[in-house]
Structure formats: C-alpha cells, structure tokens
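Report on the structure given below.
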Amino acid sequence: MKLQEIIEKLSLKALTNLEDKDVSGVFISDMLSDVMSSAQAGNIWLTVQTHKNIVSAANLIDISAVLVTYDKKVPDDTIELANRFHVIILSSPLSSFQLASKLVEAGIK
Amino acid sequence: MQEKTCSHLWEMINVQSGFIITENCFRCNKTSTYFSFEERPPLEEYRDGEHFWNIMESAQSIRFDLKCSNCDKIIQYGELAGLMMCTGCDEKCEITKLMKKLEKERTWVYVAFGFFPVTERKQISTEKISILEEYFNQRRKSSRSKIKIVSSEMIGNIATCYAELIKDVGMLSLAPPEKE
Chain A
-16 MKLQEIIEKL SLKALTNLED KDVSGVFISD MLSDVMSSAQ AGNIWLTVQT HKNIVSAANL
44 IDISAVLVTY DKKVPDDTIE LANRFHVIIL SSPLSSFQLA SKLVEAGIK
Chain B
241 MQEKTCSHLW EMINVQSGFI ITENCFRCNK TSTYFSFEER PPLEEYRDGE HFWNIMESAQ
301 SIRFDLKCSN CDKIIQYGEL AGLMMCTGCD EKCEITKLMK KLEKERTWVY VAFGFFPVTE
361 RKQISTEKIS ILEEYFNQRR KSSRSKIKIV SSEMIGNIAT CYAELIKDVG MLSLAPPEKE
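Protein chains in written order, with my numbering: chain A, -16 to 92; chain B, 241 to 420.
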C-alpha cells in the first residue's frame, strides 16, 4: 500500500517532506534496539520517541515512515535531520493501539 | 553448502538485551565502556585496583551474532558497542567526506564502534564490519538506498563528533504519575 493512501485514510499529519513510498507492515516499539533487531524494511514504525536518534534507526532499516503517536512534539533538530536523510515523520493524536487497529482496517498486515 | 562458494544470506541470532555502561575513573580520568547483561544497570561507584569508577551513563542496547542461513557460518559481534549514523558534523573528518560523496548515490554512512578504551579492548575487524554492512543491506534489499559501515578508527576527532550511537537512553527512568 502507498504511504500517501495511509496518510489520507488515517488523517496523519506530515512533519517532514513526503516521498512516494510503499508500506509493507507495521512495527510498534519505543526502543531503538528493537528496531535494529526486529523491524523490517518498508514497515511504518509507531512510537512515542521523538529524539533525533529515531532518524538513525529508521534509516538503518529503511523504515517507510516514523509515526509519532499521542501528538508528541517532535523537536526541530529531529525534523531537520529526517529531511536531510529522506526519513518521513508523521504524527497523530491517537495511541499506538488505535492506530494499529486503523492500519489493519486499511489493509496493512 | 560449502563456505567458499556460499552466497551468504545473513540473519541476526543470539539477540540479547543488556546495557552499555559508560564509566569514568575520577583518579586518572580514563573512560571505559562495556556491555552488561544484568537486569538492572549498576548505579554506584566502585573501586577496581587503582581505578575509582563512576557510572556516567547506562543505555539499553542489544548484543547479537550473525548466521548465514545457507552455510551456517556464525560471526560473533561481542566487540561491537553500537552503530552511529554520520551526520557530517566535522568537515575535516574523513567519514564526513565519505558521507558527502556517497549521499549523492543515496548511500548512508554508519560508523561501527567498539568499546573503550580502544587500546585495551579488542576492536571490531574490517571483515566483520563488511559482513555487518552486507547483513543490513540484505535486510533493506527492496529499498532505493544502501548503507555503508566504516570503522570508528576513521573519525578524525571523537571530541568534535556530534553523532550518537543507536541505543536507548533513559528508558528505565520512565515512571508512572504519582498518586494524589
């Protein structure tokens, strides 16, 4: 499924520049080491973490987009770094559970 | 399959959670890092011979090995402290120069770190770094970009490097709100 389609279906807010990407699954964790060990390329990553090291972890695995839950404020330096390295950061006021349910409804498994 | 002819297909195995501990001796100012498998990170200072170690930071991380699913070859990564993405903070640094050259091809540069002090701890070999790079690129085989992993020995001046290791700092300090 295309990322743009998910953004529209779930009313997500883009905090960085957008690129045309495919989303192939969902990964939920607030730990960067979990991303390193278990996330898969193309996943959309749901987290409450906002510090700039999320860009390093997302880029290492080639995550489709980082989706920050609960509308957590993402620092400017994180957004700046993400734009430089073509990492997409999205935001939503919903919880990880609510977003995961909506992603399943949208057809992501 | 024989190893000589094997097109290795790496998978991460033996993933263990723990802490990367950074400590400093207040007598000689030496900095030491190591991986701890304890359930909780050490908090108190202690004496070890001539050193008086103070815990500077404990961050959650993982230790792992790689195994080829074709030939069963296992590469152990006990000497890897972590990976850091180069952000190009120092124009004079060789890694920044490499990053600027490779970013046009959408290849991102990561730095593999061993534990400190580098003169006393076995550091990760070039061969192991190449295999680690191969593993992460295999994991992202469908992507339009690649990664390049280099040794921390290439860093010009560690004191002016602003990048951070991929590790989980402060996660154990999360606490539920206090009851009124």
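Beta carbons are placed, not taken as given, at the ideal position from N, Cα and C, and that holds for glycine.
Of the candidates A:-9, A:25, A:59, the residue whose Cα lies closest to the Cα of residue 49 of chain A is A:25. Inter-segment contact for the region 323 to 339 of chain B and the region 404 to 413 of chain B is present: three or more beta-carbon pairs are separated by less than 8 Å.
Taking the Cα positions, residue 378 of chain B is about 31 Å away from residue -7 of chain A. One thing to note: residue 320 of chain B has its Cβ no nearer than 9 Å to the Cβ of residue 371 of chain B. The C-beta distance from residue 250 of chain B to residue 350 of chain B rounds to 16 Å, too long to fall under 8 Å, and the pair is not in contact.
Residue 43 of chain A is a Cβ neighbour of residue 19 of chain A, given a cutoff of 9 Å. When DSSP states are grouped into helix, strand and coil, residue 264 of chain B belongs to the strand group. A buried status is given to residue 380 of chain B, since no fewer than 16 other beta-carbon atoms sit within 10 Å of its beta-carbon. DSSP, read as helix, strand or coil, puts residue 316 of chain B in strand. The straight-line gap separating the alpha-carbon atoms of residue 82 of chain A and residue 301 of chain B is approximately 27 Å. In this structure, the beta-carbon distance from residue 70 of chain A to residue 91 of chain A does not fall below 9 Å. Note that the C-beta distance between residue 389 of chain B and residue 367 of chain B is not below 9 Å. Among the residues of the region 24 to 35 of chain A, those with a Cβ less than 7 Å away from any Cβ of chain B are 24, 25, in the order of the chain.
Listed in chain order, the alpha helix (DSSP H) runs fully inside the region 4 to 47 of chain A are 15 to 21, 36 to 44, counting runs of at least 4 residues. Inter-segment contact for the region 256 to 267 of chain B and the region 286 to 301 of chain B is present: three or more beta-carbon pairs are separated by less than 8 Å. Within chain A, no residue has its CB atom less than 7 Å from the CB of residue 316 of chain B, the nearest being about 16 Å off.
Contact annotation: residue 269 of chain B and residue 303 of chain B have beta-carbon atoms that are not nearer than 9 Å. The C-alpha of residue 57 of chain A lies about 27 Å from the C-alpha of residue 258 of chain B.
From the beta-carbon of residue 20 of chain A, the residues of chain B found nearer than 8 Å are 252, 255, 302, 304. Under DSSP, residue 257 of chain B forms a beta bridge with B:302.
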